[in-house]
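Be aware that the sequence shown starts at 2, since it is given in my numbering, and climbs by one per residue. All C-beta atoms, glycine included, are put in the ideal place defined by N, C-alpha and C. The structure appears below as structure tokens.
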Amino acid sequence: MANKMEPDVEYQVAIPKMTSLKDKNEPQIVIIDRDTGVHLQKTYWHKGLHQFLQLKHGLRLTALSTKAVFISNITFLKKFQCIYGFSGTLGSEAEKKELNKFYGLKSVIIPSSNVKQFYEEQTIITNSETAQKEEIFEVVKQKMAEGRSVLIIADSVKEVNQIFENVKILAECNLSENECKPFEEAILYKRDSDQFEYNDGKTELQPHTLIIATPLASRGTNIKLSPTLISQGGLHVIISFLPKNIRIEEQAFGRAARCGERGTAQLIICEKSVKNVNSANIKELKFKRDANEKERIEKMQKIYETKLEVEKDCLKEFGPKYLEIIKKEVDDKFAEILSKDLRDSWALFLDKSEYECDNDKEKRISATIKFCKNLNIDRMNGPTQPLNILNYAVHLMKNEEWKKANKLLEKVCRQFPAYLPEAQYYSIFIIAKKKEEQKQFQQAENQLCKARNGFAKRLLNYQKLSQIVNEHKIVEENRIFECDTFLQQQKESIKLFDQVIESIDDFFGRIISPFSFITDRICAEASMFLYKRFSSSKYYGKNPPITGLKIKKEINEKNLKNYCQLNGFCAENVIKSLETLEKFENINIKMIQKEMKIPKWEEFWAVLKEKGCLRDEKMHMFVNTLKLPQLSASKIDDKYFIGSDSGDSVDRLFQHLICHRKFLLERIG
């Protein structure tokens, strides 16, 4: 379903307006209400559809939402004692009956105080989009020649863009430069965030103005016409699609001939199912449209009766029981987690019961009563949902309730294998409190190894997912922003898991390399400097923080041979080299390279040069400007630097563009 849905039709990939500090200033899937053109920024499709659309465009994944406490629009409005409404369009008889059935409202038509000077021109039906755009162009050209202005209402943002591009091209090919201006300078009104100057009801619309808009312009928009435009016939409205009900059609046509002014409107639609456009009948198409609308209303009534009403009754059972349980609890962190667990369990039960009870009202209510009967907060056994269990166990450990915490972590291991690495990782804190030292160390080591393997597998899975999404995501042309937030999200997760894995490796001890100190603030060159400083006996005497490598006492020959085979080494030579190196107390990388004669890239290039495979050798120096972290001048001494050329008066220097005078003179003279 997500694959078939079109951007700029059912939804839009946009950076929505920030309404709070929690909002992210990044591309998101924004649902478009097809009837009104309104962008629903805080609305999400359920059952994974919204998430699949996010993956389709490479956007940050949001969590699947579940409803614990909810109320439908109908239920909310029915809570009012008296309801009155005022609308310019009431719609079909079926819609009026719907209002009466849901809210007990009768519809009354109040006649206008002005004589209506509206005329609906003949509908034009085509069976191709090209022909439709040509017909729209011809009508607009005719109205502009009469000194009128035209409002074209299109079905979607995508269609607004298509109509604008097509009529502009047709105008450039068929009209003079002066006649082209209304087409080239057409006003596009696509989103409710767009600044539409005629929306205030004060700015006057002048003759020879073309507006192309989504249904946004057909709903509550009062376009004020200039006296000249009124005298020349007023506004002409074109609807480029067959509205799905009479109410939407009347709303759009209602933009013309307002307050007793003159105005016209017509439908210019593309209906591909029509074989012969000359015999096409708009009455027949509208009859089918009205039949579909009647069917839609009946479906909506059925959904209300079989789903919304039932869920409202189910909530009546859960709500009082939940409040009763919460009132009895002491207000602490444990109660907060347990109450959240009740809501989570209720939301999952409600979704599950919809399918298990097959929308049978009696079955669902009966299942809800049974669920609520067993509902309680059990501080001894803790929560039932995995994340809540882990959170609860962590707080128990903070309170030094080790046995209870361990019991909960074991529960996660048994019942929720997806969260096994987390449970194993947290269990280390409990093992650390045991008194059997040797056994305790072995248990901790085993659990950490298992946790590390679990996190490593998850890390690999994240990397695979990133690759799959990156390969299959839709890349749209002319997009002014990059849709890579899913990749960023995966990188954030990968970085987090890397940190956890590193913390486990630190527990066991690991080889420190010249690049081990690289962080967001420490570049590669600074990391190498730190490594050299921490390894030097000049500063730390015989016991520097970083010591040399040591040969392991027991080496698994089978694993070693497999490694050598995979990497193109002779296993016998490697074993001999290790035996030689074993005599030294501390060894370094250079000693290993010298003893094992590991080939280097430099040697490879030297051989190529020697054999005449390379010629005209030249030396080049490259500076990666993305790797230029700034370092305060107070931290540097006895070196020469290349400073920033940004024109900044502040004395700042780049930490890896450090060189001695001799080197500078050799390179730049």
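Could you give the distance in angstroms between the alpha-carbon of residue i and the alpha-carbon of residue j?
{"i": "residue 3", "j": "residue 32", "result": "13 Å"}
{"i": "residue 597", "j": "residue 444", "result": "37 Å"}
{"i": "residue 538", "j": "residue 547", "result": "10 Å"}
{"i": "residue 730", "j": "residue 14", "result": "The chain is shown from 2 up to 670; residue 730 falls before or after that span and cannot be answered."}
{"i": "residue 737", "j": "residue 210", "result": "No statement about residue 737 is possible, as the shown extent of the chain runs from 2 to 670 and does not include it."}
{"i": "residue 5", "j": "residue 224", "result": "36 Å"}
{"i": "residue 173", "j": "residue 185", "result": "9 Å"}
{"i": "residue 668", "j": "residue 603", "result": "Confidence at residue 668 is low in this model, with a pLDDT of 45, below 50, so its placement is unreliable and no value can be given for it."}
{"i": "residue 456", "j": "residue 92", "result": "58 Å"}
{"i": "residue 283", "j": "residue 126", "result": "8 Å"}
{"i": "residue 317", "j": "residue 468", "result": "47 Å"}
{"i": "residue 599", "j": "residue 466", "result": "36 Å"}
{"i": "residue 95", "j": "residue 104", "result": "14 Å"}
{"i": "residue 9", "j": "residue 331", "result": "51 Å"}
{"i": "residue 649", "j": "residue 196", "result": "Reliability of the predicted coordinates at residue 649 is poor, the pLDDT of 43 falling under 50, and no value is obtained from them."}
{"i": "residue 613", "j": "residue 621", "result": "20 Å"}
{"i": "residue 58", "j": "residue 154", "result": "28 Å"}
{"i": "residue 503", "j": "residue 496", "result": "10 Å"}
{"i": "residue 74", "j": "residue 313", "result": "12 Å"}
{"i": "residue 506", "j": "residue 403", "result": "25 Å"}
{"i": "residue 7", "j": "residue 29", "result": "15 Å"}
{"i": "residue 561", "j": "residue 570", "result": "10 Å"}
{"i": "residue 586", "j": "residue 491", "result": "43 Å"}
{"i": "residue 616", "j": "residue 623", "result": "21 Å"}
{"i": "residue 1", "j": "residue 474", "result": "Look at the range of the chain in this structure, 2 to 670, and you will see that residue 1 is not part of it."}
{"i": "residue 275", "j": "residue 305", "result": "36 Å"}
{"i": "residue 99", "j": "residue 149", "result": "39 Å"}
{"i": "residue 605", "j": "residue 527", "result": "29 Å"}
From this set, the options, which residue's C-alpha is nearest residue i's C-alpha?
{"i": "residue 409", "options": "419, 394, 147 and 420", "result": "394"}
{"i": "residue 320", "options": "308, 297, 193 and 374", "result": "374"}
{"i": "residue 193", "options": "177, 120, 221 and 451", "result": "221"}
{"i": "residue 258", "options": "12, 235 and 103", "result": "235"}
{"i": "residue 97", "options": "57, 329 and 295", "result": "295"}
{"i": "residue 253", "options": "90, 263, 149 and 111", "result": "90"}
{"i": "residue 578", "options": "586, 313, 567 and 552", "result": "552"}
{"i": "residue 198", "options": "226, 171 and 178", "result": "226"}
{"i": "residue 219", "options": "256, 400, 583 and 190", "result": "256"}
{"i": "residue 381", "options": "405, 203 and 279", "result": "405"}
{"i": "residue 249", "options": "260, 231 and 290", "result": "290"}
{"i": "residue 139", "options": "175, 607, 527 and 121", "result": "175"}
{"i": "residue 281", "options": "609, 508, 543 and 123", "result": "123"}
{"i": "residue 261", "options": "573, 271 and 117", "result": "117"}
{"i": "residue 87", "options": "70, 110, 99 and 76", "result": "110"}
{"i": "residue 25", "options": "34, 63 and 557", "result": "63"}
{"i": "residue 130", "options": "270, 246 and 278", "result": "270"}
{"i": "residue 68", "options": "357, 583 and 341", "result": "341"}
{"i": "residue 333", "options": "229, 396, 48 and 435", "result": "396"}
{"i": "residue 212", "options": "203, 238 and 201", "result": "238"}
Is residue i near residue j, with beta carbons less than 8 Å apart?
{"i": "residue 107", "j": "residue 101", "result": "yes"}
{"i": "residue 417", "j": "residue 384", "result": "no"}
{"i": "residue 412", "j": "residue 378", "result": "no"}
{"i": "residue 1", "j": "residue 370", "result": "Within the shown structure, residues of the chain are numbered from 2 to 670, placing residue 1 beyond reach of any answer."}
{"i": "residue 12", "j": "residue 54", "result": "yes"}
{"i": "residue 215", "j": "residue 161", "result": "yes"}
{"i": "residue 487", "j": "residue 476", "result": "no"}
{"i": "residue 541", "j": "residue 515", "result": "no"}
{"i": "residue 233", "j": "residue 147", "result": "yes"}
{"i": "residue 392", "j": "residue 429", "result": "no"}
{"i": "residue 522", "j": "residue 498", "result": "no"}
{"i": "residue 550", "j": "residue 512", "result": "yes"}
{"i": "residue 164", "j": "residue 134", "result": "yes"}
{"i": "residue 311", "j": "residue 365", "result": "yes"}
{"i": "residue 590", "j": "residue 582", "result": "no"}
Assuming residue i and residue j form a contact by the criterion Cβ under 8 Å, report the distance between their Cβ atoms to the nearest whole angstrom.
{"i": "residue 240", "j": "residue 286", "result": "In fact, because the Cβ distance is near 13 Å, the residues do not count as touching under 8 Å."}
{"i": "residue 158", "j": "residue 137", "result": "Rounded, the Cβ-Cβ distance is 17 Å, inconsistent with contact."}
{"i": "residue 343", "j": "residue 326", "result": "7 Å"}
{"i": "residue 60", "j": "residue 484", "result": "6 Å"}
{"i": "residue 308", "j": "residue 360", "result": "7 Å"}
{"i": "residue 674", "j": "residue 156", "result": "Any property of residue 674 remains undetermined from this structure, which presents the chain solely from 2 to 670."}
Using a Cβ cut-off of 8 Å (strictly closer), state whether residue i contacts chain D.
{"i": "residue 616", "result": "In the structure shown, chain D does not exist; there is a single protein chain."}
Under 7 Å: does the beta carbon of residue i sit that close to some heavy atom of the ligand HEM?
{"i": "residue 399", "result": "Questions concerning the ligand HEM fall outside what the structure shown contains, since it holds no ligand whatsoever."}
Entirely within the segment 429 to 499 and at least 4 residues each: give me those alpha helix (DSSP H) ranges in chain order. 438 to 473
Could I get the ranges of all uninterrupted beta strand (DSSP E) runs contained in the segment 36 to 81, with 3 residues as the minimum, in chain order? none
Could I get the ranges of all uninterrupted beta strand (DSSP E) runs contained in the segment 79 to 165, with 3 residues as the minimum, in chain order? 118 to 121, 125 to 127 and 150 to 154
Could you tell me which whole beta strand (DSSP E) segments of length 3 or greater appear in the segment 282 to 329? none
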